[in-house]
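A.B. asks: Sharing a structure here in structure tokens format.
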DNA sequence: AACGTTTGCACAAACGTTTGCGGTTGATAA
DNA sequence: TTATCAACCGCAAACGTTTGTGCAAACGTT
């Protein structure tokens, strides 16, 4: 069965299609009588607009592109939820593309968004991405682009992130304050800017606290199980008394590793993490963490892009929005002296 | 800057737009000379097709709608990954809508998919959904619809699921075989068909094993922390020696609850779960589970809908695809005698 | 009664493609 | 020479909307 179009209604009501179009959106040019008749008819005939045609005519899709490097269980779901929540409320739709941490796929995805006429683009970069040429095209057409979570330094796009260095320092500082002197930093994929920022923060803090003579060792793991084995190895040589996990994915490897080796947490080794907040609650013991709120980040990113969508004041210089965070202390660390 | 269209190229090359259109897709009607010239020109002018126009003209969007009840960290990410993987490879795109377990939002989402001319629809139902009238419209236009994970009984849509009753029985049977005689069943949201199927399976098995005189108690929890407190309560009265958790989300509450009460696993109480497989590995002790593979489910669902998309043999009666599963034994249960 | 002003609707172009058909070449065969 | 036939390309309609403009009738004003 073919869908009914505005044209069918027009024929049925013996009016022109323009009249139907206007009547359906309560245009005052059309008499009340006809307006109601057409509305009625539209219902009866089960009419629903063809958005593709509307898009073409209006040159606007009400679609936001969302490109993420991967769909895994940490952080991303919260972000998607946050984004989706505000996007859907605002009558926009989400075209979701995964780039699988592959630069070529990311480029392709941007192209797909472009070709499908998205009104805006939200993107978390792949860990292979080192420049943003593929986003210029969007920019040149004044399609708002907002980077979130996984970003790059020195670009001229808006970005929503946290202060990575500071977040790390808050965590590590807490370890130091509670007596840790042999601290292991466990980070994510080396190629991520997020990783280097957090690593920098780590080193900076250690440097500033050199009076405490902290011994450190930093490692990188690109997934939970790599983190797990890194902890295993570190425990056979370095023997940390405190571990900083840069993310949930890392944390998920740290705790099981320690438990398997029967290391007492926090007595023999404290653990602290940057986290979305769920995992720390279900691990044993519950983990202290700096709360990096994915839901909120998603909402912020969405709000921001919607705002850019309405205020087409083309050239406000780009803005970097730093989300606030909060330190939550649980049993995986000792109390402050 | 305006995007270059086929028309611009036509003007530039002094040919008609139809020639450009054909040249760009290597149509043999166009001489090689012109074809190459136009391809070249298209590159130089940075031409990219306007998919909206193509959609309108071809009456095909290459978009698959994906509607899910919620974006949380369990199961869904794997499914999305699986779906996305095969969808993207096949040159389709994913319009993702969340219904937040709200029937009205689900209906709205289906409408959005319809209006945007998706070529197919993948949907996991909200827990409020009790009938599928809102999907009929799609069906009547021969738009393939595939239900997955969260489905309904007695419908005439294709569905990709696991054998819930059987899966449950495998788990519970293992508990019984390893000596458990006081078994607590902890299930998800009562309104889900998945829940009732698993509950049925549970009861059926217990009934069939009545010679063993198994004491049981079943509870329902709609999230991790409800599950947690259910276990707390149960342990003050029923005192199970085996717990079956119907999902990762439930399991995430069970283990911490037991650990907090210092219950020895599996000595005092065994734990088994239906799971996607990640969580059981990072909990302490590692949990035995029936592997319900989200990634695979996603792939299957996507493959199936793509296949329906090509073979437009309209009326094959609907099919229910049961995914295979596998029991993985870890330390949260005792070994078989 | 002549004029301007609303009111209410239809016409047609436009958005960027695809595609059936028809027409113009030049070459080949009869 | 004429008929035949590829080879090659353009015309125009179509997909379903939105929207600027035009036009007729009805109304109100002197």
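Residue numbers (our numbering), protein chains in the order written: chain A, 31 to 367; chain B, 31 to 367.
All C-beta atoms, glycine included, are put in the ideal place defined by N, C-alpha and C.
(1) Cα-Cα, which of 316/A, 147/A and 111/A is closest to residue 81/A?
(2) Which same chain residues, not among the five before or five after residue 249/B, have their C-beta less than 6 angstroms away from its C-beta?
(3) What do you reckon, are the CB atoms on residue 228/A and residue 291/A nearer than 7 angstroms?
(4) Taking the DSSP output, what are the residues bridged to residue 188/A?
(5) Examine the Cβ distances between the segment 65 to 81 of chain B and the segment 34 to 49 of chain B and report whether three or more of them are shorter than 8 angstroms.
(6) Compute the minimum distance between the beta carbon of residue 213/B and the heavy atoms of the ligand ADP, and state whether it is under 6 angstroms.
(7) For the segment 143 to 176 of chain B, list every residue whose C-beta sits within 7 angstroms of some C-beta in chain A, in sequence order.
(8) My parser needs the beta strand (DSSP E) runs of 3 or more residues fully inside the segment 296 to 326 of chain A; what are they?
(9) Using a C-beta cutoff of 7 angstroms, does residue 321/B count as contacting chain A?
(10) Could you tell me whether any Cβ in chain A is nearer than 7 angstroms to the Cβ of residue 289/B?
(11) Tell me which residues of the segment 303 to 316 of chain A have at least one Cβ-Cβ distance to chain B shorter than 7 angstroms, keeping chain order.
(12) With 7 angstroms set as the bound, which would you pick, yes or no: does the beta-carbon of residue 110/B sit closer than that to a beta-carbon of chain A?
(13) Can you name the residues of chain B whose CB is closer than 7 angstroms to the CB of residue 257/A?
(14) Can you find the residues in the same chain that come closer than 7 angstroms, C-beta to C-beta, to residue 114/A, ignoring five residues on each side of it along the sequence?
(15) Excluding sequence positions up to five away, which residues of its chain have a Cβ less than 7 angstroms from the Cβ of residue 194/B?
(16) Give the DSSP-derived three-state secondary structure of residue 275/A in the structure shown.
(17) Output yes or no for whether 7 angstroms exceeds the beta carbon distance between residue 357/B and residue 320/B.
(18) Is there a Cβ of chain B sitting closer than 7 angstroms to that of residue 216/A, yes or no?
(19) Tell me whether residue 65/B is buried or exposed, calling it buried when 16 or more other Cβ atoms sit within 10 Å of its Cβ.
(20) I believe residue 126/A touches residue 155/A by the beta-carbon criterion, under 8 angstroms. Please report the beta-carbon distance rounded to the nearest angstrom.
(21) With distance defined between alpha-carbon atoms, name the residue in 315/B, 266/B, 334/B and 355/B nearest to residue 348/B.
(22) Does residue 270/A come within less than 7 angstroms of chain B when only Cβ atoms are used?
(23) What did DSSP end up calling residue 98/B once you bin it into helix, strand or coil?
(24) Below 8 angstroms on the Cβ atoms is my guess for residue 119/A versus residue 101/B; work out the distance and round it to an integer in Å.
(25) Which residues in the same chain as residue 371/B place their Cβ atom closer than 6 angstroms to its Cβ, once the five residues preceding and following it in sequence are excluded?
(26) Enumerate, from N- to C-terminal direction, the unbroken beta strand (DSSP E) stretches of 3 or more residues contained entirely within the segment 98 to 170 of chain B.
(27) Rounded to whole angstroms, what is the Cα-Cα separation between residue 90/B and residue 339/B?
(28) Mind checking if residue 82/A is an interface residue toward chain B, Cβ cutoff 7 angstroms exclusive?
(29) Could you check how far apart the C-beta atoms of residue 304/B and residue 143/B are, in whole angstroms? I think they sit under 8 angstroms.
(30) Spell out a yes or no on whether the segment 126 to 135 of chain B and the segment 151 to 169 of chain B are touching, meaning 3 or more CB-CB pairs, one atom from each, closer than 8 angstroms.
(31) Anything in chain B within Cβ reach of residue 123/A, meaning under 8 angstroms, just list it in chain order.
(32) What did DSSP end up calling residue 348/B once you bin it into helix, strand or coil?
(33) Within 7 angstroms (strictly less), CB to CB, does residue 86/B reach chain A?
(34) When you compare the CB positions of residue 381/A and residue 93/A, do they come within less than 7 angstroms of one another, or not?
(35) Tell me, please, whether the CB atom of residue 114/B is closer than 7 angstroms to any CB atom in chain A?
(36) Whole-angstrom Cβ separation of residue 53/A and residue 68/A, contact assumed at under 8 angstroms?
C.D. replies: On the basis of the supplied data:
(1) Counting from one through the first chain, the residue named residue 81/A turns up at place 51. Nearest of 316/A, 147/A and 111/A to residue 81/A, Cα basis: 147/A.
(2) Taking the second chain and counting its residues from 1, the one referred to as residue 249/B is at position 219. Correct list, in chain order: 216 and 260.
(3) By one-based count along the first chain, residue 228/A stands at place 198. By one-based count along the first chain, residue 291/A stands at place 261. No, the pair does not count as a contact, with Cβ atoms beyond the cut-off.
(4) Here residue 188/A refers to the residue found at position 158 of the first chain. DSSP lists 176/A as partners of residue 188/A.
(5) yes
(6) The ligand ADP is not part of this structure, which contains no ligands at all.
(7) 144, 145, 146, 147, 170 and 171
(8) 300 to 305 and 318 to 321
(9) Taking the second chain and counting its residues from 1, one reaches residue 321/B at position 291. Among the residues facing chain A, residue 321/B is not included, as its CB has no counterpart in that chain under 7 angstroms away.
(10) Residue 289/B sits at position 259 when you count from the first residue of the second chain. Yes - at least one Cβ of chain A is within 7 angstroms of the one on residue 289/B.
(11) 308, 312 and 314
(12) The count along the second chain starts at 1 and reaches residue 110/B at position 80. It does: the Cβ of residue 110/B has a partner Cβ on chain A nearer than 7 angstroms.
(13) As a first step, residue 257/A is located in the first chain; it is residue number 227 there, counting from the start. The premise fails here: residue 257/A is roughly 10 angstroms from chain B at the closest Cβ pair, so nothing lies under 7 angstroms.
(14) In the first chain, counting from the first residue as 1, residue 114/A sits at position 84. Cβ within range, chain order: 124.
(15) In the second chain, residue 194/B corresponds to position 164, counting from 1. Cβ contact annotation for residue 194/B (same chain, cutoff 7 angstroms, sequence separation greater than five): 224, 227, 228 and 231, in chain order.
(16) Numbered from 1 along the first chain, position 245 holds the residue referred to as residue 275/A. The answer is strand: DSSP assigns residue 275/A an E or B state.
(17) Within the second chain, the letter at position 327 stands for residue 357/B. Within the second chain, the letter at position 290 stands for residue 320/B. A contact, by the Cβ cut-off of 7 angstroms.
(18) Position 186 of the first chain, counted from the start, is the residue given in the question as residue 216/A. No, because no Cβ of chain B sits closer than 7 angstroms to the Cβ of residue 216/A.
(19) The residue labelled residue 65/B in the question sits at position 35 within the second chain. It is buried - the Cβ of residue 65/B has at least 16 other Cβ atoms within 10 Å.
(20) For the purposes of this step, residue 126/A is taken as the residue at position 96 of the first chain. For the purposes of this step, residue 155/A is taken as the residue at position 125 of the first chain. That pair is no contact at about 16 angstroms.
(21) In the second chain, the residue the question calls residue 348/B occupies position 318. When only C-alpha atoms are compared, the closest one is 334/B.
(22) Within the first chain, residue 270/A is the residue found at index 240, counting from 1. Residue 270/A does not count as touching chain B.
(23) One-based indexing of the second chain puts residue 98/B at position 68. Residue 98/B: strand per DSSP, three-state reduction.
(24) Counting from 1 along the first chain, the entry for residue 119/A is found at position 89. Counting from 1 along the second chain, the entry for residue 101/B is found at position 71. 15 angstroms between Cβ atoms; not a contact.
(25) Any property of residue 371/B remains undetermined from this structure, which presents chain B solely from 31 to 367.
(26) Listed in chain order, the complete beta strand (DSSP E) runs (minimum 3 residues) inside the segment 98 to 170 of chain B are 123 to 128 and 150 to 153.
(27) The residue given as residue 90/B occupies position 60 in the second chain. The residue given as residue 339/B occupies position 309 in the second chain. Each residue's alpha carbon lies about 11 angstroms from the other.
(28) Here residue 82/A is taken as the residue at index 52 of the first chain, counted from 1. It does; some Cβ of chain B falls within 7 angstroms.
(29) As a working mapping, residue 304/B is identified with position 274 in the second chain. As a working mapping, residue 143/B is identified with position 113 in the second chain. The beta-carbon distance between residue 304/B and residue 143/B, rounded to whole angstroms, is 30 angstroms. This is too long to meet the 8 angstroms contact definition.
(30) yes
(31) Translated into the one-based positions of the first chain, residue 123/A becomes position 93. Listed along the chain, the chain B residues whose CB falls inside 8 angstroms of the CB of residue 123/A are 125, 127, 142 and 146.
(32) If you number the second chain from 1, residue 348/B lands on position 318. It is coil, neither helix nor strand.
(33) In the second chain, counting from the first residue as 1, residue 86/B sits at position 56. It does; some Cβ of chain A falls within 7 angstroms.
(34) No statement about residue 381/A is possible, as the shown extent of chain A runs from 31 to 367 and does not include it.
(35) The residue you call residue 114/B lines up with position 84 of the second chain. Yes, contact with chain A.
(36) As a position in the first chain, residue 53/A is number 23, starting the count at 1. As a position in the first chain, residue 68/A is number 38, starting the count at 1. Yes, they are in contact, since the Cβ atoms of residue 53/A and residue 68/A sit about 4 angstroms apart, within 8 angstroms.
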